[in-house]
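Line by line, the protein sequences are chains E and Z.
Note that the working numbering has the first sequence beginning at 1, numbered continuously upward.
Note that the working numbering has the second sequence beginning at 1001, numbered continuously upward.
Don't be surprised by glycine CBs; every beta carbon is placed ideally from N, CA and C.
For clarity, every value in this text was computed on a predicted model and none was experimentally measured.
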Amino acid sequence: MTNKLKYVGKSVPMHDVMDKVTGEIKYVGDMKLPNMLYAKLLLSDIAHGVIKSIDISKAQALKGVVKIYTYENTPSTSYNSHIWYDGLKAIEDEYLFSKQVRFYGDRIAAVAAEDKETAERAISLIKVEYEKLPHIISPLEAKENPEYRITSKEIKSGEPENIIQTAEIVVETALKTQKVHHAAMETHICLANKELDGTVTIWTPCQVAFQVQLVVCTALGLPKDKVRAIKAAMGGSFGGKGQPVLEPVCAYMAYDLGKPVKLYMDRTECIIATRTRTATIGNVSTAVDAEGNILARDIKMLVDAGAYMTNGEAVALAMGKKAFRLYKIQNQRYTAEVVYTNTPIGGACRGYGSPQIHALTEINIDAAARRLGMDPVKLRLKNLFQPYDKDSIGGPALGNARVIQCVEKGMEVFNWKEKRERPKAIGRYVRGVGMACATHGNGYYGAYQDYITMSLMMNEKGEIILNSGIHDLGCGTVTTMKQIVSEVFDIPLDKVTAVEGDTFKSPFDSAGTQASRVTFVCGACALKAAEQTRAKLVHYASRILGCAEEQVVLENGMIYASDQPDKKQAYGDMVTSIQKTLSEKVEVSCTYESPANPASYAVNFVEAEVDTMTGMVRILEVLAVHDIGKAINPGFVEGQIQGAIQMGIGFALSEEISVDSGGIVKETNLGKYHIVNAPDMPDVKVMLIEEGEEHGPYGAKSVGEVSTVAIAPAIINAISNAVDIDITALPATPERVLEAIKRKNIISEVRQ
Amino acid sequence: MSNMIMKTPASIDELVMCLKQSDDNTYLLSGGTDLIIKLRNSKIYEGTLIDLTGIDDLKQIKYNAEYIKIGAAATFNQITSNTMLIKHAKCLVQASSQIGSTQIRNAATLGGNIANAFAGADAIPALIALDAMVTILKSDKTTYTKPIDEIIKGSRKNTLYKDEAIIEISIPIANDNCISAFAKLGSRSRVTISKLNIAATAQVKDGTIEAVKIVLGALGTKAFRALSVEKAIENKDISEALYTAFENELVKQVDEAIPNRSSLGYKREAIRGLAEDVYFDLFGSMVRKVKCHD
Chain E
1 MTNKLKYVGK SVPMHDVMDK VTGEIKYVGD MKLPNMLYAK LLLSDIAHGV IKSIDISKAQ
61 ALKGVVKIYT YENTPSTSYN SHIWYDGLKA IEDEYLFSKQ VRFYGDRIAA VAAEDKETAE
121 RAISLIKVEY EKLPHIISPL EAKENPEYRI TSKEIKSGEP ENIIQTAEIV VETALKTQKV
181 HHAAMETHIC LANKELDGTV TIWTPCQVAF QVQLVVCTAL GLPKDKVRAI KAAMGGSFGG
241 KGQPVLEPVC AYMAYDLGKP VKLYMDRTEC IIATRTRTAT IGNVSTAVDA EGNILARDIK
301 MLVDAGAYMT NGEAVALAMG KKAFRLYKIQ NQRYTAEVVY TNTPIGGACR GYGSPQIHAL
361 TEINIDAAAR RLGMDPVKLR LKNLFQPYDK DSIGGPALGN ARVIQCVEKG MEVFNWKEKR
421 ERPKAIGRYV RGVGMACATH GNGYYGAYQD YITMSLMMNE KGEIILNSGI HDLGCGTVTT
481 MKQIVSEVFD IPLDKVTAVE GDTFKSPFDS AGTQASRVTF VCGACALKAA EQTRAKLVHY
541 ASRILGCAEE QVVLENGMIY ASDQPDKKQA YGDMVTSIQK TLSEKVEVSC TYESPANPAS
601 YAVNFVEAEV DTMTGMVRIL EVLAVHDIGK AINPGFVEGQ IQGAIQMGIG FALSEEISVD
661 SGGIVKETNL GKYHIVNAPD MPDVKVMLIE EGEEHGPYGA KSVGEVSTVA IAPAIINAIS
721 NAVDIDITAL PATPERVLEA IKRKNIISEV RQ
Chain Z
1001 MSNMIMKTPA SIDELVMCLK QSDDNTYLLS GGTDLIIKLR NSKIYEGTLI DLTGIDDLKQ
1061 IKYNAEYIKI GAAATFNQIT SNTMLIKHAK CLVQASSQIG STQIRNAATL GGNIANAFAG
1121 ADAIPALIAL DAMVTILKSD KTTYTKPIDE IIKGSRKNTL YKDEAIIEIS IPIANDNCIS
1181 AFAKLGSRSR VTISKLNIAA TAQVKDGTIE AVKIVLGALG TKAFRALSVE KAIENKDISE
1241 ALYTAFENEL VKQVDEAIPN RSSLGYKREA IRGLAEDVYF DLFGSMVRKV KCHD
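This is the structure we're talking about:
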């Protein structure tokens, strides 16, 4: 590896960008197979109950209806859609169709019909009678009910309880976080077909093709060699398409009917009946000394898994671990209780618990600074981890942790001190600044198996095919892999093809596009595969050229012996010679197991303006500073961060899936579910700290998830700085902000 | 919607022919930004759609000495850029410019907004404040004209029969002393449905408010005139003290309009923000300074 990089570190466009902007790309919604049927779901309109009867006669009588599926005529094998590899254990409580209704949106039936309209009409003709049961929507209530309690977790270092009991300064913060919809432009969709040999092929915009295969096999009772999952073009996921939701149902219909079936959701169905960000109720107590050293911390999280288990336990654990990887806190305890409620299902959502726990703890850090009369940046700098510090519970090494550098550089660029010390405006619109830090991981090392196999081949034209089970979710995975391979071989990107996941064709990948692992783990595998293939090419070329391996030069697509620079030949010609003369292929299959899981860091600085009359908050400016190791493609990195900030502002201010007292979802469309749109987006400045990470390809580490973690607490801290209020529940809607301002005014009037 | 028949009249005469054949399953399409969603949500697959947007006459904005006449199929972006409306119906222009997104304003029409009669509609309070008259075509080719307020019965309800169509909205051109303003509050700054909106028109002479109309939307089932607010500031001199009376009276109006709604707590406070927006938009240049808020 030379220091001068030619392909890595460059902002080249995404591989399929032209197809996307011209509309030529074929999403599953665009795919059509001969004799394809369309399928729709009937979702429950009650929150809890048992089906007494289902009358499908009217729907069945509709011309064009092929078959109607309910719990009565489908397998009743339980499964957990979160399980992504054989051997992973979790409570299996999902079914293709429910008899027991657990939330508003539970799957009751599906109709397969000859056209979309018939499928939709038939759904409205199915009559279901329920016996309603009492429902629980509050996690606090669920905690008191043994049937709703799932599990509890504890992570601990030192003796925090004693210290907190005796400490002079203990700062307590409570925060409720809400369920959030991923709001990918593409709603959930799946296409399945039964092939002549009995194989069920599934085309799906998914994050983990092997998980789709496994979950479908479990639910349908099919062997793995009869289920093929192919990752299709992805119209956005953000974790929402991580767990297979439609795939088992769609696959079953195709399997049963022997025909292709396309099952699709509209926005309302996607909001209520797929997955949501796991809601939490958090409490934290932090003991600090007068100088701002954190002495101990106790974090309690009540985790609302929603109606089904899915990853409730995993997300509770994942968020807890993050609390031990940002500040040096020797004495700390994290406890979590996980409960069911009769509300939409929790699942993976960008950050996987990190945004929830960091919102709680980073708001708390600011509260501590306020108590001490200290600049919150100063308090953080005293306690943040240094590079190569140790995880306080013996977790994976933090690696080249550059969070302090992020804070220090960010402060300067943002002009933190001046903005923070500026007198507050007197009037309707008041501005404030806030900041927050966050950490996230790089894959599964230390928690779950994390390896991938890739095969790489150079052909007779000097082109490279990288075959692996990767999934581009629109973040640039394919191009990232190509840049890495191009760098190793010194060939242009258009000479490299990287194909995506297909469980019948891809070598195995243990975990898919989750856990911020793709660049760090899969990218490292691509690097290893490229280096091994390069070594093979060099070895064979040395025999053809009659020189030592050290003398073989690869340069800009040409290969030659260093003492014969006038006898250059194209890679392809060399490959042809190798095949002809040596009967060898320039091809490698290599398995890479991740040896590390360093921490990535993000620090966000925010300036916000509060309309004290309406409670509306406007974000004026964001500076996102990232400890990224090395950006393989800085344009992609910036794109990820811009989008993550948009998502995080919604989490902080406006996005929420809530239910009424009857358990009915209130925000059933994007008119009611408020994502932040372009007019409300601030100027987002991105700053990358590129200090390299030992095990990352070219020093790279993750950015996809960590980028949406710090923004919400930074915003809440900015609001507090502006108008001196405590926000105790996200999102900080105008209603909540105005109420808090009013409460504060009443208190200050009483004091006067 | 495979069983929907689409009729595309190109003239008023052809529209009359279509209206003659109207039945319970006939729907007037005038932009479709609300109608299409409504049809889909109500699972309506059969019927007749009459598209009004092919009738050129209905897309014009014309004026004479007394009225600005807006064709029912004029889009909100047409309204927003019309110089006569900017001059004489500023509140309607302000309201129109804040409806949905550019794409929605390119399709959505004033006639459609009225017919849809959504309680949170932005154009309707402005039209009420401007004393707009709505002209309706009947299937016998006669027309009649009614004040906007009488056309809207309540949430999603209007007084039109199935064989009638809104064809024109007339806004009287008031004297040059007449000013107007509109403000709304949603959950974000743009592309947002009003939680509250307010339209106002006033005649001001020598610093005195001679006549005023204040209309509130998104409170209850239909937009309404806030008479007690009007009374509180009518025939009064513009001042900061008057602003306080205006604001407090608006809060009372909110209390009276939605006494049992869970949103009352927020709306009764947030109306102060809109009060300030509208009051200073209308009279700002005549008040000493912008009110300071603590």
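A straight-line Cα-Cα distance of about 10 Å links G557 (chain E) and K495 (chain E). For E691 (chain E), the closest alpha carbon among the candidates E:N415, E:A401, E:I281, E:V703 is that of E:A401. R1190 (chain Z) has a beta carbon lying within less than 9 Å of a beta carbon in chain E.
Within the model, the alpha-carbon separation for Y1144 (chain Z) versus A1115 (chain Z) is close to 16 Å. Interface annotation, H674 (chain E): in contact with chain Z, CB-CB separation under 9 Å. Linking H539 (chain E) to G546 (chain E) through their CA atoms gives a straight-line distance of about 11 Å.
L738 (chain E) has a beta carbon lying within less than 9 Å of a beta carbon in chain Z. Between the region 1085-1103 of chain Z and the region 1141-1156 of chain Z, the count of Cβ pairs shorter than 8 Å is below three; the stretches do not touch.
Selection E:P713, E:C250, E:I628 evaluated against T177 (chain E) yields E:P713 as nearest (Cα-Cα). Taking 9 Å as the CB threshold, L1216 (chain Z) stays off the interface with chain E. Listed by position along chain Z, the residues whose Cβ is nearer than 8 Å to that of D680 (chain E) are R1188, S1189, R1190. Listed in chain order, the positions of the region 1058-1089 of chain Z with a beta carbon within less than 9 Å of a beta carbon of chain E would be empty, since no residue qualifies. When DSSP states are grouped into helix, strand and coil, N633 (chain E) belongs to the coil group. Fully contained in the region 1258-1287 of chain Z is no beta strand (DSSP E) run of length 3 or more.
Proximity to I404 (chain E) across E:V339, E:V315, E:V603 peaks at E:V603, based on C-alpha coordinates.
Within the region 94-121 of chain E, the runs of beta strand (DSSP E) that reach at least 3 residues and sit entirely inside it are, in chain order, 107-113.
Bounds of the beta strand (DSSP E) holding N1003 (chain Z) are 1003-1007.
Secondary structure note for W203 (chain E): its beta strand (DSSP E) is the uninterrupted segment 200-204. CA-CA distance, P679 (chain E) to K322 (chain E), rounds to 33 Å. Per DSSP, reduced to three states, the secondary structure at I746 (chain E) is helical.
A buried status is given to G1111 (chain Z), since no fewer than 16 other beta-carbon atoms sit within 10 Å of its beta-carbon. In this chain, the alpha helix (DSSP H) harbouring N1106 (chain Z) covers 1102-1107.
For T497 (chain E), the beta-bridge partners assigned by DSSP are E:I465. Within the region 265-314 of chain E, the complete alpha helix (DSSP H) segments at least 4 residues long are 267-273, listed from N- to C-terminus. A straight-line Cα-Cα distance of about 33 Å links H471 (chain E) and V553 (chain E). For S1228 (chain Z), the uninterrupted alpha helix (DSSP H) segment begins and ends at 1227-1233. Inclusion of K6 (chain E) and E120 (chain E) in the CB contact set at 9 Å is not warranted, their separation being larger than that value. Against chain Z, the CB of T204 (chain E) has no partner CB under 9 Å away; the residue lies outside that interface.
Membership of A1095 (chain Z) in the alpha helix (DSSP H) is indicated by the continuous run 1090-1097. Around E638 (chain E), the same chain offers V686 as residues with beta carbons nearer than 6 Å, after the five sequence neighbours per side are excluded.
Under the Cβ criterion of 9 Å, R1272 (chain Z) is counted among the residues facing chain E. At a beta-carbon threshold of 8 Å, none of the residues of chain E lie near K1231 (chain Z); the nearest stands roughly 24 Å away. From the listed residues E:K300, E:E114, E:A314, the smallest Cα separation to R333 (chain E) is found for E:K300. Counting other Cβ atoms within 10 Å of its Cβ, A425 (chain E) stays below 16 and is therefore classed as exposed. Residue pairing by DSSP places S1180 (chain Z) opposite Z:T1201 in a beta bridge. E1249 (chain Z) does not reach chain E, its nearest Cβ partner there being about 16 Å away, counting only Cβ pairs nearer than 8 Å.
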